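Numbering-wise (my numbering), the sequence shown opens with residue 3 and increments by one. Below is one structure, written out as structure tokens; the observations come after it.
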Amino acid sequence: MKRHYILYFLLCCLLSISTASAQTRLYIRGSAVPGGVQQLTRFSTKVSGQYTFKFHGKLLPGDLYITTTDTPKSSSRYYAPKLVDTNIVTEKADYSLKADSVGAEWAVLFEADNYRFTVDVTNKQVSGELFVQWYEAWICGGCVEDEQGKGTDQEGHWQIASGKQMEQSWEDRNVFEWTGLLKGYSYNVEPKRFKINGQYGWSPKVLHPFAQDTSILTAKQVWYNGSDDYKWRIINDGYYRIRINVFEETIEGEYLGTELPDGVRVTPEVEADIRVEGREIKFHADNAMTVRLFSVDGSQQAATSGTDVTLIAPERGIYILSATNGQQGTTWKILVE
3 MKRHYILYFL
13 LCCLLSISTA
23 SAQTRLYIRG
33 SAVPGGVQQL
43 TRFSTKVSGQ
53 YTFKFHGKLL
63 PGDLYITTTD
73 TPKSSSRYYA
83 PKLVDTNIVT
93 EKADYSLKAD
103 SVGAEWAVLF
113 EADNYRFTVD
123 VTNKQVSGEL
133 FVQWYEAWIC
143 GGCVEDEQGK
153 GTDQEGHWQI
163 ASGKQMEQSW
173 EDRNVFEWTG
183 LLKGYSYNVE
193 PKRFKINGQY
203 GWSPKVLHPF
213 AQDTSILTAK
223 QVWYNGSDDY
233 KWRIINDGYY
243 RIRINVFEET
253 IEGEYLGTEL
263 PDGVRVTPEV
273 EADIRVEGRE
283 IKFHADNAMT
293 VRLFSVDGSQ
303 QAATSGTDVT
313 LIAPERGIYI
323 LSATNGQQGT
333 TWKILVE
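Encoded structure:
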């Protein structure tokens, strides 16, 4: 009898290994899934022959099953949490493969549109979050501006101050776009490479490709906070349009040519003087702008227009200041103490 148990255990181990290595599709099912079933998006990884699977979107209160088939079948395998009723919003939770759904459910406690989770087949883990909206994105690299760090002990090294801020879409606040000139500046380190930061700084939010020197013209997916400092690469000097969706973790690039096409504008760089005095935020720009103040949850707190304006923050905290003249615009993160 003991021998039969050992053989059964070895068979289960072999099943787990073969299923993980061969899996190219995963689904979620259950009462927490709008429509009852949805296929997860397959993402590349730096591990050859393996994938991760991701979900981005709305979930409902209820149970969620991660499984290999879109309907229950005898061949279905379930990615079950090691701890019963583990919340899908989890930093890292180990899973095991099961042949039935008993005890394989993941818990969703409340309805929200901003659920995002990843099934890591290589490490047999699930990690999930409620995605927090970005308010800025910056293209930084050797191809965005010449002579970076000149006259300092950082000559040729990438500088945050040389980064180009992307424009946030008003239709979808998860979308950022930038149009401008990229060139292989030989003065700089890694002259044809770039990456994208989620703030005016090198951390904590960074977007990478899954492989070094991925062409921006063929890029589709981003590696959020990748463990390797991979960068995208341009082949030709000229004007590019780059678009990212930071929630869905996608990117696309278009080469526009050595001359800017008629009717296409470069993304402008707005220069402004901003001072915070108590709860007063004083804004000055050379051109008249419509200036809006938002709390971090996206709700508007104040708005006005002009070249010299003052907005009042209702209380201490972090705010987002947006300025636009209808053709150009940008945002800043403001701390009111």
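Just so you know, even glycine gets a beta-carbon here, dropped at the ideal spot from N, CA and C. For clarity, every value in this text was computed on a predicted model and none was experimentally measured.
- Per DSSP, the beta bridge partners of C142 are K197.
- Boundaries of the beta strand (DSSP E) harbouring M291: 282-297, taken from the DSSP string.
- Only residues of its own chain outside the window of five on either side were considered, and among them I320 have a CB closer than 6 angstroms to the CB of V298, listed in chain order.
- Assigned with DSSP and collapsed to three states, I90 falls in coil, not helix or strand.
- Beta-bridge pairing by DSSP links Y189 to no other residue.
- In the assembly as shown, T269 is a buried residue. Its beta-carbon has 16 or more other beta-carbons within 10 Å.
- In this structure, DSSP gives A213 a state outside helix and strand, which the three-state scheme calls coil.
- Less than 8 angstroms separates the beta-carbon of E256 from that of R243.
- The alpha-carbon of T332 is positioned some 30 angstroms away from that of K56.
- Nearest neighbour of G165 by Cα position, chosen from E149, R175, D155, turns out to be E149.
- Taking F119 as reference, the option from V104, V278, E179, E131 with the minimal CA-CA separation is E131.
- Remark: C-beta atoms of Y67 and I30 approach each other more closely than 8 angstroms.
- DSSP places D231 outside any beta strand (DSSP E), giving it a letter other than H or E.
- DSSP places I218 outside both helix and strand once states are collapsed to three, so it counts as coil.
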